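See below for the structure under consideration.
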Amino acid sequence: MRNLDFFVNFAGKVQYNTLLGMKIQEVMKLQRKALGITQQDLADMSEIAISTIKKIESGKGNPSLSTVEKIMD
1 MRNLDFFVNF AGKVQYNTLL GMKIQEVMKL QRKALGITQQ DLADMSEIAI
51 STIKKIESGK GNPSLSTVEK IMD
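Quick note: the sequence shown uses full-length UniProt numbering, first residue 1, plus one each step.
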């Protein structure tokens with residue numbers, strides 16, 4: 001996901017992927033599924049709580065830039 005261009009608002013929250021015109025949760029879920037990994041796999045790899053991954057993918061969470069960076073690494 002590192003090559004995606006994210007729009008960040010003044011509060012430092014990722015709002016939309018400007019390259020694809022999709023919400024970050026949509027991009028994240030599509031990319032995760034394309035890689036064939038589960039939410040738990042992503043949580044383990046990024047060292048982010050699975051509850052946070054679930055909130056982001058369901059649209060209930062608005063990740064900070066640092067969270068997105070951890071997921072992208």
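All C-beta atoms in this analysis are idealised placements derived from N, C-alpha and C, irrespective of residue type, glycine included.
Predicted model only: the values in this text are computed from it and were never measured.
- In the structure shown, K60 falls within a coil segment according to DSSP collapsed to helix, strand and coil.
- Taking a 10 Å sphere around the C-beta of K33, we find fewer than 16 other C-beta atoms and assign the residue as exposed.
- Within the same chain, Cβ atoms closer than 6 Å to the Cβ of S46 are found at K70, I71, the five residues on either side in sequence being excluded.
- Taking the CA atoms as reference points, K60 sits about 23 Å from G36.
- With respect to the 8 Å criterion, I24 and Q40 are not classified as neighbours on the basis of their beta carbons.
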